[in-house]
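Everything on this sheet refers to the single structure shown next.
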Amino acid sequence: MLQTKKYQFWFCTGSQDLYGDECLAHVAEHSKKIVEALNASGNLPYELVWKPTLITNELIRKTLNEANTDPDCAGVITWMHTFSPSKSWILGLQEYRKPLLHFHTQFNQEIPYDTIDMDFMNENQAAHGDREYGHIFTRLGMERKIIMGYWADPAVQKQMGSWMRTAVGVMESSHIRVMRVADNMRNVAVTEGDKVEAQIKFGWEIDAYPINEIADAVEAVSQSDIDALVEEYYSVYQILTEGRDEKEFRRHVAVQAGIELGFERFLKEKNYQAVVTHFGDLGSLKQLPGLAIQRLMEKGYGFGAEGDWKTAAMVRVMKLMTAGMKDAKGTSFMEDYTYNLVPGKEGILQAHMLEVCPTIADGPISIKAQPLSMGEREDPARLVFTAKEGPGIATSLVDLGDRFRLIINEVDCRKTEKPMPKLPVATAFWTPRPNLKTGAEAWILAGGAHHTAFSYDLTAEQMGDWAAYMGIEAVYIDADTTIRQFKNELRWNSAAFCK
-8 MLQTKKYQFW FCTGSQDLYG DECLAHVAEH SKKIVEALNA SGNLPYELVW
42 KPTLITNELI RKTLNEANTD PDCAGVITWM HTFSPSKSWI LGLQEYRKPL
92 LHFHTQFNQE IPYDTIDMDF MNENQAAHGD REYGHIFTRL GMERKIIMGY
142 WADPAVQKQM GSWMRTAVGV MESSHIRVMR VADNMRNVAV TEGDKVEAQI
192 KFGWEIDAYP INEIADAVEA VSQSDIDALV EEYYSVYQIL TEGRDEKEFR
242 RHVAVQAGIE LGFERFLKEK NYQAVVTHFG DLGSLKQLPG LAIQRLMEKG
292 YGFGAEGDWK TAAMVRVMKL MTAGMKDAKG TSFMEDYTYN LVPGKEGILQ
342 AHMLEVCPTI ADGPISIKAQ PLSMGEREDP ARLVFTAKEG PGIATSLVDL
392 GDRFRLIINE VDCRKTEKPM PKLPVATAFW TPRPNLKTGA EAWILAGGAH
442 HTAFSYDLTA EQMGDWAAYM GIEAVYIDAD TTIRQFKNEL RWNSAAFCK
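Number 87 in our numbering belongs to position 96 of the sequence shown; there are no gaps in the numbering.
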């Protein structure tokens, strides 16, 4: 489910013909070597494709429009090797529609003190050409990412690789379709939002289906398919009957198997990549989807509870951005529940009624079937585990009426001080940066939701870049946050982003 296109990124070098053919031959040679080295570095998640040096307005415009129409091209990386008059780029940039990285580097790492002459100076003018090029972006008011540093530096290469994941998140956003099963939870404000504006800004399609249309798909699943999936569950997870009759327990688990298969088949048939449910509208479903949703998230589907389509789409975006990442620690839907306010041990217990993605699990994952007061259905089976330790980010996309705002909070996940044997749900425990007091106050000032799209594997920079490409406001809550400065930032953003 997380398989994306085999995306590529184009590497385009800018120059001009002032210094003759020999200089241009060196420019092409240098840019080819850089592309070859970057591809061989192991630090880029996607392939770089070298393109001939761009000099004229016509060639620049043609190349950037070809990038627009190439379905495998997720973005363009540009570098101005020599002085590159930026007026030649105006029309091409105005017509360009995909993410763009301005790579501010040069071929040589060190000034060749003993041999440097004017020929070298003329040929190696990135410090000159990239400033001219950067000016036209600012003049045009266009969004771009700037990375400065030596191209062979692994840290710079990794920064480029990180940006590539953001670019893929931008490209894939326009392919996200969210299936709403029923509607938002009644009288809840933060899960609501303007679906038309979301499609304009992010490309998301958010469609509603009556619950029983999906329930019919669940009923159509054959018993043999259900039995086979239950056997898979029993082979993968620890089974905790906790005194329940084993046959009865297995029947509860089988209900979730049918829901997983029915939902996934419906999602595939209708071409949706994210789903929301609501415990207040379950139709003929025997249980609130729990284990089934957890498994779907693990496969890469986005999810939001109580009709929260914004979080469902964000979970999908963030899972796409981490696709294929080595040693990924996981991405999930999450919800703030309750605080620990003991001095020195402050934090927020994260969980949900059932639906937390097992990609974030640390250690064994168990299946339990426990009563649930909401939904008025039989006891739903669910996966129970605790989350990994380490840094992560929690994001909340909120609709402020006149604009969307993405709130990005850096958090530190750790284990709870004591086990919670009576809590039959998957949990995480984190302390927001800079600390619980400031982090929680800033989150509330920004209008953040109780639902979040959480990831260990993405950075605040990546999500901020994604928001910038989407043309929406982003605010950061991190180690440097103070309430006085944060209030001012929100005021400034109100002026900058109001329509």
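A virtual CB, placed ideally from N, CA and C, is assigned to each residue, including glycine.
query, result
"On the DSSP bridge list, what partners appear for residue 388?", "397"
"For residue 19, tell me which candidate among 29, 5, 185 and 28 has the shortest Cα-Cα distance.", "5"
"Could you tell me which of 463, 25 and 126 sits nearest to residue 35, measuring between CA atoms?", "25"
"Taking buried to mean at least 16 other C-beta atoms within 10 Å of its own C-beta, is residue 370 buried or exposed?", "buried"
"Measuring straight from C-alpha to C-alpha, what distance separates residue 293 and residue 283?", "13 Å"
"When we look at the beta-carbon of residue 101 and count the other beta-carbons within 10 Å, is it buried (16 or more) or exposed?", "exposed"
"Check this for me: beta carbons of residue 398 and residue 308, under 8 Å apart or not?", "no"
"Counting Cβ pairs closer than 8 Å, one from the segment 384 to 391 and one from the segment 344 to 360, do we hit at least three?", "no"
"What residue does the alpha helix (DSSP H) around residue 491 start on, and which one ends it?", "Nothing in the structure corresponds to residue 491, since the chain is present only between -8 and 490."
"May I have the straight-line CA-CA distance separating residue 446 from residue 385, to the nearest angstrom?", "7 Å"
"Hey, residue 440 and residue 387 are a contact pair by Cβ (cut 8 Å); roughly how many whole angstroms apart?", "5 Å"
"Check whether the Cβ atoms of residue 456 and residue 89 sit closer than 8 Å, and answer yes or no.", "no"
"Let me make sure I understand the geometry here. Which of 274, 1 and 372 has the alpha-carbon closest to that of residue 30?", "1"
"Considering Cα atoms alone, identify which of 74, 319 and 425 is closest to residue 7.", "74"
"Name the DSSP bridge partner or partners of residue 7?", "DSSP, once it has assigned bridges, lists no residue as partnering residue 7."
"Does the distance from the CB of residue 378 to the CB of residue 419 come in under 8 Å?", "yes"
"CA-CA distance, residue 230 and residue 275?", "27 Å"
"Which two residues bound the contiguous beta strand (DSSP E) that contains residue 295?", "293 to 295"
"Does the segment 296 to 312 touch the segment 333 to 340, meaning 3 or more C-beta pairs lie closer than 8 Å?", "no"
"Drop a sphere of 10 angstroms on the beta-carbon of residue 322, count the other beta-carbons inside from all chains shown, and report buried for 16 or more, exposed for fewer.", "buried"
"Over what stretch of residues does the alpha helix (DSSP H) that includes residue -4 continue unbroken?", "Segment: none, residue -4 is in no alpha helix (DSSP H) and carries neither H nor E."
"So, residue 368 versus residue 281, is the Cβ gap smaller than 8 Å?", "no"
"Does residue 358 come out as helix, strand or coil in the three-state DSSP assignment?", "strand"
"Does the Cβ of residue 305 have 16 or more other Cβ atoms within 10 Å, making it buried, or fewer, making it exposed?", "buried"
"Among residues of its own chain, excluding the 5 on either side of residue 92, which ones have a beta-carbon nearer than 6 Å to its beta-carbon?", "68, 136 and 154"
"Tell me whether residue 64 is buried or exposed, calling it buried when 16 or more other Cβ atoms sit within 10 Å of its Cβ.", "buried"
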